[in-house]
Structures are given as structure tokens and as C-alpha cells.
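Here the structure is laid out as C-alpha cells; the discussion comes afterwards.
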Amino acid sequence: MQWELETTGLTKRYGRLVANDAVDLRVAAGEVHAVMGENGAGKSTLMSMLYGLTRPDEGAILLRGQQVRLASSLDAIARGLGMVHQAFKLFEDLTVWENVVYGAEPRRFGFLDRRSACTRVQELAQRHHLAVDVRARVRDLSVGIRQRVEILKALYRDARILILDEPTAVLTPQERDGLFAIIRALRADGRTILFVTHKLHEVMELTDSVTVLRQGRVSARMRTAETDADAIIRAMTGRSVNLSVARSPATPGAEILRVEALRVPAPVRGAKPLVDDISLSLRAGEIVGIAGVAGNGQSELIEAITGLRAAEGRIHLNGQEISGRSVAARRAAGMAYVPEDRALTGTAAGARATEALLMGRQHDPAFARHGVQDGAAIAAHARDLIQAHDIRITSERTRVGTLSGGNLQKVVLARELDFDAPLLIAEQPTRGVDVGAIEAIHARLVAERDRGHGVLLVSAELSEILGLSDRILVIYEGRLIAELPGAEATEQHLGLLMAGRTQEVAR
Amino acid sequence: MTLLNAFTVNATVQSMSPILLAALAGSLCGRVGIFNIALEGQILVGAFASIAGSFYTGSALLGVLSGILVTALFSLILALGTTRFRGDSIVISVGMNLLASGLTAYLLRVLFDTAGTFSSPEIAEVKRIVIRAINTTPWIGWIFSRQTPITWAAWILTILVTLVMFRMPLGLRMRGVGQNPEAARTLGVNVERLQLWTVVAAGALTGLAGAQLSLGTVGIFAEDMSAGRGWIAVVAVMLARNHPAWAAFVCLVFAMADTASVQLQAQGLPNQLTDAVPYVITLAALVMGSLRNRKRRQAALA
């Protein structure tokens, strides 16, 4: 079979990280093809290579059977590829038609042929049902309309293959329905659409076939009609190594965290809230796992609890109301936090291990006197933690940016556990971490529970949720849609719930 | 005596042309995303190179051309500094202003063995053209007659730059590059090259401004003779938000204010008061500009 777009053994490395590992993608002409995967699974890298923004280290890209070399996005455009980036690349102060014809302007006697440009863009918009006022300025347009302008840009350059990178992430439900209608019309027009997403129901609703990426590799390739949400979820989140964690039954004590009617409004008007009326409770001596496919509001929920994001509703920690208080005040009330992104939020890459392990306690009298840091005490403290947590590092003065994912995560965990706070929030604690470090981190989380602390665990890894949680809460599109005891949950059951299919579970 | 007479109108038009040319240059740079505050230094270099060229060749035309060429070369500092070397345009511009001032004063000593002011009978000035038919006609004659070709060129260039910017593919690309270089790049525009040539072309315009200042008026060069004209042009560019036609209008208002202050002084008003007129106008314009921006922002939020 002749594929419209095919990659064979496409590989891209960034230092020690293999972002794409021998990826074989096969897209048929005139289909809507979903590329799915968790954050960090390698979707963006793959798309960058297809659009000529990044060059592969190994492997080939074939268009209609012909191998092509894409040195820049211009090459990609010339070969009939078009891309709508997640962050639009538009000129805000220019009009719609100016944005569309930019770089390939119709001319008349050397001047810009404004009339012909307007007409051509208008015709193009009408033909593809992209309702947009071509004379409007982009800055006055809503996000949904801006996206249409981006699609128009690709169509103006006669893109046969259109790459849409997480196109629904910023849209309201109405705008999303509009986009789906446009995509279907483009398919009917014979164009091929590559639809990058991690939203399952969109894949089921819109696409013809799916390629699932996990940790840089293709983990599944299927026809949408012949598969189900559950199988896709497992392909996205399943793990080849299944780690069982030895632990005794929980003995929950007093309530540590109570969240009441928490709500994080949507960034765009009319869209669904990111966190929609969530209430939950966490007791001492238990691990509560929040399961969900990334992008369903779990990050926003945690940001709201830790004080990184404004939210409505009430939060009680250790009996104190902490809603509306600063991050520092919340930490002081007894909260430790291992954030999702250890390299960006969790640590400063340029900091030494001494500094990274001290952070948050720099005013502690044990480490500073009259505002002057006690270098010897800080270094001793860092050495203690490095040893206790088995962090593989040259010296305590090494910059943490040079550490591997697992070791960096141990640094973050060591610091946060050192606060000895009754509540530990651990967000994707083992993402991108090697197997050995995963075991160590899991053991730490269980030990924390057994000491009588409460652990709120957020993870997209089914095995992690199942292996660690005493209770599991399932988050879907900003709402908690199910609660179940950890002992009773199965992978299949949880997979369906994460896909939002509560009825099938009830049956 | 009225404020508007043959002499004052003629002098206003004449004295504003260097500022206008520099403002056009500033608008061009601003449109491609490079904030050029080296206009003051560029005018000075242009003035010096024009005088030197005219002195050595005995030709006003060659003098003007040398001013244009040397200033365009001088602008390469900003052009290459902001593109290839990814420097900050403000820092580079400030350096260029200091360099221009020091370098021209130094060359004045080395080449002409003089300090302060250089004048010589061998300098060929740019002649003013008297159009006999309209020379004394109110307004038309006051404005157009007894002006140098450079002054006419300044107004023709204002129209040309506006046309290029808003009616030609090149102008569209320039505007896009300034707003979102990343987007322009993905559409196949060579951002750095466009920026580089725009800054050099703008440099040629400021060279012409310098030529008008030195060769077009008195035919002498004096140290730091640009005397703030480049800075007024910077303000005009900011107020006009890089629109060449609006920048020309702002320059005209400044020039009229300047003429008015001289006239008021002649009528016996204290010069401390009249000297303040251009600055009061600038301040008022800045306040109006920021109020307009605020209103625009509020409208955008609503």
C-alpha cells in the first residue's frame, strides 16, 4: 500500500534522552489520523521532524512513497505539508488576509494586489466553510477564529497534509464542534489530517486511525473503528515493567486535607472550568491517588491546592483554612510538594545540590544566622540527604541541572520529605525516571504513609496508581467522576473510568 | 508682524527636513522590530561625511553621496549588532551616539586641524533652488521655493516610504517581521536579512539628514551640530508608532513650535519661557499618546 505519509525508524535524541525511538508512522491519504500520547511521549518531536523544524538523527520520512529531506518548514510547505501550531504564529496587528498571503503575496505592477488577495482568501474560506472576516484584524479575533486563520494559511499554500497540534486545547466546546466540522470537510476534500491530541473522546469521535506513542516509541497502531477507549488508554499509560509495592493495609487517622467545592475557571470565556466543583478529603496514614489522562484538570487542581493558581472554594489543611493564602503560608501550615516538572518547577537547573536541597529552609536558624548563611551547616545537611536518599551525584556542589531524571527527582523528594510535613503532594513522581529509582521513590511514598502522613498522589500511570493508592479518585474533564478503594480497582476498570465511561462501569 | 510669513514658513520647512528624514529612518527600523535611538549619532556622522566629501571633491553632489554612503556603513554597527550578533538595540545605539560624537570631533582635528567648527571656501554647499514663478506667492512659494533638493526629497521619501510600507509586499513583510519574527520565519522570510537591509537603508536616510544639516544650510561642520534633532526624531517615531506619515506630521508640529518659540522671543517674551515651548509640546504629545494607548487597551479588554 502506498502511504500518503510514512516514517521509518525515525529517531531523535537530545543528549541522553531519546525523544523518538525508531518511530514508524503510516498515514493513508484522505484520513484523519490521531497521534496520541502522554505529555513527553514524543508527539511534539515527531511533528517537528515532519514539519522540517527538527532534523531526525536516524530514519526516513516518505511522502507518497518518495523519501524527502526536510531542512526547514519551507521545504515542508513546498511539499504540501501544513501545520497549525498549538501556540498560533500570527501577526496580531495585521488583518486576516495579510496574515494568510504573507510571504506569498499576489502582486500587480510590483504593488500588493490587495483586491485579489482579499478575494482569494475569501473564496478559500468559503470553499472550506471557514467563516471568517478577511478584513478583520487578528488582535480582535477569538481563539477559535484565529485557528481558522492558521488553517487558511496552510490551505492558501495548498497543503495536502495538515498537521494540527493539540488543536482543541484552547477551544470552547462550541468552537471544538466547529473545528471538527471543518476537519471532516477537509477530509471530504481529499486532504489528509494528522491530529495530535491526548483527549480520548476526540479521537473516538473524529479519527479514522490512531498511532499511540509512549516514551518515544510507537506502542500501538490501530483503526479507530476496531478499537476502544480502554485499549488506547492502556497503550498510552501501560508500563512494560509492572512494579508491585509491598505494603500493609492503611490505618487512616485524622483528616489532614479537606477540599470543598474547588473551582478553577476556564481561561477562555464560555469554556468548561478546568477544575469543576471538586471536593475531596485526605486522612493521615493513607495514600489517595488521583487517576486521569493528562489534561483533565489534575495539574490545575494541584496548583490550586498548593496556591500556585487562583481558585474558588475552600481548602483546609490540618484544621486551618488555607484558601487564599500564599504558597509560603500553605507550606508553613504543613504541606510538602513534589511538582510535576522537576526541571522547571522543582529545581533551578543552575543551582548546586546544596542550594536545591536547602530551598525553602534558607531562613531556618539551623542554616542562617542574622541573615547570613552558614555554609558548613548547609553542606553537611546536603551530604546527609544525598546519602540517606542514595542520590548519585559527584559532590554536594554539583549543579543539579546535570543530573539524570531519576536523580533529580530524588533531590526534589529528599528536600520535600525533609520538611516533615503532614501532607505530601506528589505529582507524576516517577515520570521519565529509570526503574531502579521508581522503586526507591515508591518505597519512600509508602514509608511516608506509614509514618502517619497523608500522601496525595497524582499520576497518569495506571500501575503506579494501582500499586500505591489506598483510595483512588478518578478525574475526567475537571470533575471527580468516581471514587474506589485501591484494593478493588483493576486496570481495565480504571481505564474505562479515565476515559469518562462511567455507565459501562456501572453495568 | 504675524507669526506666519514668508520667512518663518520657509525656515520651518527647511529646518524640519533633517528631523523628518531621521524620523523616516526610525519608523523603518521600528517596523522591523529594531528600536533605533542612534539617529542623533547617525545625523552627526552624515553631516561630517558630507562636509568632508564636499571639501575634498569640490562637489556638493559628491558630498551628499559621501554622507549617505558613510552613514549607511556606520549603520552596519546597528544592523549587524542586532542581527548577526544578537545584541540589544538600545545598548548598541547608545554606543553609536557616543562614538559618533567622539569620532567626528577627533577626525575634525586629524583631517582639518581644527576644533569646534570647520568652515572653508572649498566646501561646495547644496544650492537652494529658487522657483521664480512662485517665489513670492504666499504659502506655495514660501514652502516650495528657496529649498534644497534634499528638502524636496525628504517629502517625496515620506510618500515613498509610506507606500512601500503599506502598499507593497516588502512593506507587509517588514511589518510582519517586527511583530512576530518567528511567524515570519516559518513563512519563509529571512528575518535577519530583511532587518539588516532595512537598518542600512535607514542609515542612508539619516546620512541625507546630516547632509541637509551641514551642506544644506550654512556649509560648515560644528561639533555635536545635530543638537538633539535625532532625539526629536526618536520621539516623533514613538508618538507615531512607526507610521511614517504620522511621524512626518509630528515633525511638522515640532518644527512649528520651534519657529514659534523664536518668534515669541523676538516679540519680547522671556527666552526661558519660549525655549520651553518645544518641550511642552513634546510632553503634551506624550501624555496624549499614552492616554490614547490606555483607552485602546481598555477597549481591547472590554
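Those protein sequences? They're chains Z and L, same order as listed. For the first sequence, counting from 1, position 333 maps to 406 in our numbering; every step adds exactly one. For the second sequence, counting from 1, position 114 maps to 333 in our numbering; every step adds exactly one. Glycine included, C-beta positions come from ideal geometry on N, C-alpha and C.
Can you say whether residue i is buried or exposed, counting buried as having 16 or more other CB atoms within 10 angstroms of its CB?
i: Z:PHE164; result: buried
i: Z:PHE182; result: exposed
i: Z:VAL445; result: exposed
i: Z:GLU79; result: buried
i: Z:LEU225; result: buried
i: Z:LYS116; result: buried
i: L:VAL453; result: buried
i: Z:LYS85; result: buried
i: Z:GLU359; result: buried
i: L:TYR325; result: exposed
i: L:ARG513; result: exposed
i: Z:ALA367; result: buried
i: Z:ASN62; result: The shown model of chain Z, from 74 to 580, leaves out residue 62 of chain Z, and the question about it has no answer.
i: L:LEU376; result: buried
i: Z:MET120; result: buried
i: L:THR355; result: exposed
i: L:PRO388; result: buried
Would you report the Cα separation of residue i and residue j, rounded to the nearest angstrom?
i: L:ILE342; j: L:SER278; result: 8 Å
i: Z:VAL528; j: Z:ASP437; result: 25 Å
i: Z:LEU235; j: Z:LEU126; result: 15 Å
i: Z:HIS16; j: Z:ALA461; result: There is no way to answer for residue 16 of chain Z, as the model of chain Z reaches only from 74 to 580.
i: Z:MET408; j: Z:ARG398; result: 13 Å
i: L:GLN233; j: Z:HIS201; result: 56 Å
i: L:LEU510; j: Z:GLY362; result: 53 Å
i: L:PHE293; j: Z:TYR124; result: 39 Å
i: Z:LEU167; j: L:VAL329; result: 51 Å
i: Z:VAL314; j: Z:ILE375; result: Because Z:VAL314 carries a pLDDT of 46, less than 50, the predicted location of this residue cannot be relied on, and the following value inherits that uncertainty. Approximately 28 Å, taken between the alpha carbons.
i: Z:SER532; j: Z:ILE134; result: 34 Å
i: Z:ARG221; j: Z:ALA232; result: 14 Å
i: L:VAL345; j: L:ALA266; result: 12 Å
i: Z:ARG580; j: Z:ALA242; result: Because the pLDDT of Z:ARG580 is 48, which lies under 50, any placement of that residue in the model is unreliable, and the number read from its coordinates should be weighed accordingly. Looking at the two C-alpha atoms, the distance is approximately 31 Å.
i: L:THR370; j: L:LEU502; result: 27 Å
i: Z:THR81; j: Z:THR379; result: 44 Å
i: L:SER236; j: Z:ASP206; result: 41 Å
i: Z:LEU353; j: Z:ALA401; result: 22 Å
i: Z:ARG142; j: L:LEU406; result: 18 Å
i: Z:ALA441; j: Z:THR467; result: 25 Å
i: L:ALA242; j: L:ALA291; result: 16 Å
i: L:THR478; j: L:LEU247; result: 27 Å
i: L:GLY282; j: L:SER320; result: 20 Å
i: Z:ARG356; j: Z:GLU278; result: 39 Å
i: Z:LEU273; j: Z:VAL337; result: 22 Å
i: Z:ALA177; j: Z:PHE253; result: 28 Å
i: L:PRO357; j: L:ALA474; result: 19 Å
Tell me the DSSP bridge mates of residue i?
i: Z:ARG425; result: Z:ARG472
i: L:LEU488; result: None, per the DSSP bridge assignment.
i: Z:ILE545; result: Z:GLY362, Z:LEU557
i: Z:VAL108; result: Z:VAL269, Z:THR284
i: Z:GLN446; result: Z:ALA441
i: Z:ALA14; result: With chain Z covering 74 to 580 only, the question about residue 14 of chain Z has no answer from this structure.
i: Z:GLY155; result: Z:LEU235
i: Z:SER354; result: Z:ARG331
i: Z:LYS226; result: According to DSSP, which records beta bridges pairwise, Z:LYS226 is partnered with nothing at all.
i: Z:GLN139; result: Z:LEU136
| field | Interfacial residues, the region 318–347 of chain Z to chain L, with Cβ spacing under 9 Å | value | none
| message | If the cut-off is 9 Å on Cβ atoms, which residues from the region 232–262 of chain Z count as contacting chain L, listed in chain order? | response | none
| field | Interface positions of the region 402–428 of chain L facing chain Z (Cβ-Cβ less than 9 Å), listed along the chain | value | Within the region 402–428 of chain L, the qualifying residues are ALA402, ALA403, ARG404, THR405, LEU406, GLY407, VAL408.
| query | Counting Cβ pairs closer than 8 Å, one from the region 450–458 of chain Z and one from the region 418–435 of chain Z, do we hit at least three? | reply | yes
| Taking Cβ-Cβ distances below 9 Å as the criterion, which residues of the region 203–230 of chain Z are in contact with chain L? | ARG212, ASP213, LYS226, ARG230
| field | Segment contact flag, the region 455–466 of chain L with the region 367–387 of chain L, C-beta cutoff 8 Å, min 3 pairs | value | In the pairwise beta carbon analysis, the region 455–466 of chain L is classified as touching the region 367–387 of chain L: at least three pairs are separated by under 8 Å.
| query | Counting Cβ pairs, one atom from each stretch, are 3 or more of them under 8 Å apart for the region 409–426 of chain L and the region 257–273 of chain L? | reply | yes
| query | Listed from N- to C-terminal order along the chain, which residues in the region 380–391 of chain L have their beta-carbon within a distance smaller than 7 Å of any beta-carbon of chain Z? | reply | Those residues of the region 380–391 of chain L that come within reach of chain Z (Cβ to Cβ, closer than 7 Å) are ARG386, MET387, PRO388, LEU391.
| query | Which residues, in order along the region 271–302 of chain Z, keep a beta-carbon less than 7 Å from a beta-carbon of chain L? | reply | Taking 7 Å as the Cβ-Cβ cut-off against chain L, none of the residues of the region 271–302 of chain Z qualify.
| query | What residues from the region 326–357 of chain L come within 9 Å of chain Z, judged by C-beta to C-beta, listed N to C? | reply | none
| Going along the region 157–174 of chain Z in order, which residues come within less than 7 Å of chain L, judged by CB to CB distance? | LYS162, LEU163, PHE164, GLU165, ASP166, LEU167, GLU171
| query | Using a Cβ cut-off of 9 Å, which residues of the region 180–203 of chain Z contact any Cβ in chain L, in chain order? | reply | ARG180, GLY183, PHE184, LEU185, ARG187
| chain L contacts from the region 131–146 of chain Z (Cβ-Cβ distance under 9 Å) | SER145, SER146
| task | Please list the residues of the region 244–266 of chain L that have a C-beta atom closer than 7 Å to any C-beta atom in chain Z, keeping them in chain order. | result | none
| field | contact_flag[the region 92–107 of chain Z, the region 275–293 of chain Z] where n(CB pairs < 8 Å) is 3 or more | value | These segments touch.
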